[in-house]
Amino acid sequence: MSDEPRQVVPVVEPWRVWLQRGTDALRAADYAAAADAFAQAFAFAPDQPEVLLALGRERLRSRADADAEPLLRRALLLDPRSAAAAAALARLLGLHLDRRQEAFALLHGALRQNPDARALHAVRGELLLQDNAYGEARAAFAQALVADVWQVDGLPGEDEAARGGMARTYNAEGIALHQQTHWRAAAQALRRAVELDRAWSAPRVNLGAALAQLGRLDEAVEAYRAALQAEPDHPVALFNLATAQHDTGRPAEAQRAVERLIEVCPDFPRARLLLADVAITLGDYDRAIAVLLAQLDQDGSVVPVWASLGLAYVCSGSVERGEECLRRALALNPRHFNAHYNLALLCATQQRDEEARSLLRRARELDPERATRALARLPRSASLRQLAAVPRGLD
């Protein structure tokens, strides 16, 4: 007989093996394997709180809400102090089932027991964000970001979720401020969203839009380019980039961006109109006319298309056809800026000064800033710019 001490191999309960397999699968983002493993664990131990929580959260992730609720309620019943179970159930109730009052009440009670439970603060932040309570949401996510390393029940990455929540809060706040025309404050909020989640393209696109409204078009271009680095075929980023490049005198670059947009999203609104406007700037009037006529074949009531087609015809030498198109645009929409402005340009070149002044005055009434920018882009020798400098008839 050997004098070596006998090694005792511990017996591991089957449910623990399956629970660990499921957790490992989650870390590997193999959600199907995780769901299967947690279901196996549940078959062996249907009353273990850890198993109920794991399977309940998996059902929550896969939006099997009817299955998730009884599992999470049972987990919380068996372990009333589980912050993870309370957070998962509150997420289900408030964000999936729209039972917000019940979710807030659950979080309130759970936070009394576990005031430092970051998972609870994170879910509360998500609920407040949905209510557009941006200040309170930021405070809740800040609570969830107290520590650099955060793990809940062996599942890592909750700090990333909280940072993402904070980024979404700043992004939503930036959008709201943008809609209220508070461009500078919107840009500040959106910059913070970008700092919190550098892989997310949306706040970069929104930041570019705010910067464009502030007249900082070169910075807007950089924001759109950064968004496209994160998501190369983002349609709004491509459209906004092309627009900003066109407005800053880079029509060749704008053409490349809008052509790419049409490749990835053929039905993007106004993409072909922008392509035609860029073609006009590049002097490719035949292409612009072809693009615009194709658009009118689909819908003959689109005012901006008529206005751009009129300009394309005028630039190509078909002045009468161009004027017909511009007047058609005004008949469809008497408040259309481009139609007034482009027709004013035409009248000025034909020495129809009084009509040109009247049309320019109307364009200025419709959009003073846009009229100022458009006039500034004209050569000093342009007839309309010279007329604009004459006070008579403009005030």
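No gaps in the numbering here: position 60 of the sequence shown is 59 in numbering that gives the first Met the number 0, and each next residue is one more.
Virtual Cβ for every residue (Gly too), placed ideally from N, Cα, C.
Return the Cβ separation of L383 and L377 in integer angstroms, given the expectation that the two are a contact with Cβ distance under 8 Å. The pair is a contact, with the Cβ atoms about 6 Å apart (cut-off 8 Å).
Taking C-beta to C-beta, are W14 and A31 nearer than 9 Å? Taking 9 Å as the Cβ cut-off, W14 and A31 do not qualify as a contacting pair.
For A256, the nearest candidate out of T247, G248 and N239 (CA to CA): For A256, the nearest C-alpha among the options comes from N239.
I believe V304 touches L295 by the beta-carbon criterion, under 8 Å. Please report the beta-carbon distance rounded to the nearest angstrom. Contact annotation, V304 with L295: C-beta distance approximately 6 Å; criterion of less than 8 Å satisfied.
Going by the beta-carbon positions, is the gap between R62 and A89 smaller than 9 Å? No, the pair does not count as a contact, with Cβ atoms beyond the cut-off.
Going by Cα to Cα distance, which pick from A198, R203, H107 and R73 is closest to A186? Looking at the Cα atoms, R203 is the closest of the given residues.
Does the Cβ of L274 have 16 or more other Cβ atoms within 10 Å, making it buried, or fewer, making it exposed? The residue is buried, with at least 16 neighbouring Cβ atoms inside 10 Å.
Would you tell me roughly how many angstroms separate the C-alpha atoms of E218 and A343, rounded to the nearest one? A straight-line Cα-Cα distance of about 32 Å links E218 and A343.
V193, DSSP secondary structure in three states: If DSSP states are grouped into helix, strand and coil, V193 belongs with the helices.
Three CB pairs or more closer than 8 Å across the segment 155-172 and the segment 114-134: Contact between the segment 155-172 and the segment 114-134 is established, with three or more Cβ pairs separated by less than 8 Å.
According to DSSP, is L377 part of a helix, a strand, or is it coil? Correct three-state label for L377: coil.
Is the beta carbon of D46 less than 9 Å from the beta carbon of L18? Between D46 and L18, the CB-CB gap reaches or exceeds 9 Å.
Looking at C-alpha atoms only, which residue of A36, E57 and A65 is the closest neighbour of V16? Comparing Cα positions, the closest option is A36.
Can the beta-carbon of R117 be found less than 9 Å from the beta-carbon of V145? Yes.
In terms of residues, what are the limits of the alpha helix (DSSP H) holding A63? A63: not part of any alpha helix (DSSP H); DSSP gives it neither H nor E.
Quick check: what's the CA-CA separation for Q398 versus I288? The question about residue 398 has no answer here: the residues shown for the chain are numbered 0 through 394.
Under 9 Å between C-beta atoms of A38 and G55: Not in contact: A38 and G55 (Cβ atoms no closer than 9 Å).
Burial state of V263 (16 or more Cβ within 10 Å): It is exposed - the Cβ of V263 has fewer than 16 other Cβ atoms within 10 Å.
Report, in whole angstroms, the separation of the C-beta atoms of A94 and L71, which I expect to be a contact under 8 Å. The question names Ala, yet the displayed sequence has Leu at residue 94. 13 Å between Cβ atoms; not a contact.
Going by C-alpha to C-alpha distance, which of A229, P265 and Y223 sits closest to A253? Among A229, P265 and Y223, the Cα nearest to that of A253 belongs to Y223.
Whole-angstrom C-beta distance between A161 and A143, which should lie under 8 Å: A Cβ-Cβ distance of about 4 Å is found for the pair A143 and A161, placing them in contact under the 8 Å criterion.
Cβ distance (whole Å) where L119 is taken to contact A84 below 8 Å: Not really, about 11 Å apart at Cβ, beyond 8 Å.
With a threshold of 6 Å on Cβ separation, who are the neighbours of A86 within its own chain once the five nearest residues in sequence on each side are excluded? Excluding sequence neighbours, A86 sits near A118, L119 and V122.
Please identify the residue among A306, T280 and G282 whose C-alpha is closest to the C-alpha of L292. Of the candidates A306, T280 and G282, the one whose C-alpha sits nearest the C-alpha of L292 is A306.
With a CB to CB cut of under 7 Å and the five nearest residues on each side skipped, what residues in its chain are close to A24? The residues are A32, A33 and A36.
Which residues in the same chain as E57 place their Cβ atom closer than 7 Å to its Cβ, once the five residues preceding and following it in sequence are excluded? Cβ neighbours of E57 within its own chain (closer than 7 Å, five residues either side excluded): A33, A34 and F37.
Buried versus exposed, by CB contacts within 10 Å (16 or more), A251: So A251 ends up on the exposed side.
Can you give me the C-alpha to C-alpha distance between Q399 and R98, rounded to a whole angstrom? For residue 399 there is no data in the structure shown, the boundaries of the chain being 0 and 394.
By how many angstroms is the C-alpha of A375 removed from the C-alpha of I279? Straight across, the Cα-Cα distance linking I279 with A375 is about 18 Å.
If you draw a straight line from the alpha carbon of R356 to that of R215, how long is it in whole angstroms? So the two alpha carbons sit approximately 30 Å from each other.
The alpha helix (DSSP H) with C264 in it runs from where to where? Premise fails: C264 is in no alpha helix (DSSP H) and is neither H nor E.
Return the CA-CA distance between L189 and F43, expressed in angstroms with no decimal places. The alpha-carbon atoms of L189 and F43 are separated by roughly 49 Å.
Are the Cβ atoms of G321 and L358 separated by less than 9 Å? Against a cut-off of 9 Å, the Cβ pair of L358 and G321 comes out as no contact.
Under three-state DSSP, which class holds G299? Here G299 sits in coil by DSSP.
Contact check, A67 vs L106, beta carbons under 9 Å: Result no, Cβ atoms of A67 and L106 do not sit closer than 9 Å.
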